[in-house]
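These notes concern the structure reproduced below.
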Amino acid sequence: MSMKTNLTITTNVYPDAYKCVGEKIESDSSLVLKWSEKRPDDKTPSYYKLEYKKAEARLVVNRIGEVTSNLVFESGRDTIGTISTPYGEMNLHIRTEYINLPSLMSPCLKFCYSIEEYPEAGRNVFPIGLG
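FYI, in the numbering used here the residues of the sequence shown are 2 to 132.
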């Protein structure tokens with residue numbers, strides 16, 4: 002079932018949360034969130050698709066824009082993602098600490114990870130508030 006929903010996206014990269022209307026698609030096998038985002042320093046918007054595959058307990062985040070990425074997150078596991086910038090493409094080694102799905106107690110999808118290539122960035126906690 003597809004529905005429009007308010008999203009509040011917070012990351013360690015930006016000081017302020019980004020609020021927008023996105024699309025939420027939920028089925029027995031997956032939860033998908035889609036949104037577009039244009040931060041003040043961006044020339045063009047980025048388009049995001051986040052898909053949590055329930056049977057695999059795997060979260061895939063795709064971004065298309067000035068920066069294009071395909072990142073895979075699995076709780077307690079190391080995965081490899083790719084990011085493509087105007088300066089070139091690189092692989093990222095991602096260590097996912099946890100993935101929490103929205104529930105009655107918390108209407109938020111939240112995941113925590115670190116990237117091996119950027120240890121100075123530390124842990125990134127990425128909550129997406131729904132509603």
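For every residue, glycine included, the Cβ atom is placed at its ideal position computed from N, Cα and C.
The structure presented is a predicted model; accordingly, all values stated were derived computationally and were not measured.
First and last residue of the beta strand (DSSP E) that includes residue i?
i, result
"ASP79", "79–86"
"GLY123", "First-last for GLY123: undefined, no H or E at that position."
"VAL73", "69–75"
"ARG96", "89–101"
"ARG59", "59–65"
"THR12", "Taken as a continuous stretch (DSSP letters only), THR12 belongs to no beta strand (DSSP E), as it is neither H nor E."
"GLY23", "19–27"
Residues in the same chain with beta-carbon distance under 6 Å from residue i, minus the five sequence neighbours each way, listed in chain order, please.
i, result
"ASN101", "LYS111"
"LYS54", "SER31"
Assuming residue i and residue j are in contact, meaning their beta carbons sit under 8 Å apart, how far apart are those beta carbons, in whole angstroms?
i, j, result
"LEU131", "LYS25", "7 Å"
Under 8 Å between the Cβ atoms of residue i and residue j?
i, j, result
"LEU51", "LEU34", "yes"
"ARG73", "GLY82", "Position check: residue 73 holds Val in this sequence, whereas Arg was assumed. Yes. Within cutoff."
- Flag this pair as touching only if the stretch 95–111 and the stretch 35–50 have three or more C-beta atom pairs under 8 Å; answer yes or no. Contact between the stretch 95–111 and the stretch 35–50 is absent, because fewer than three Cβ pairs lie under 8 Å.
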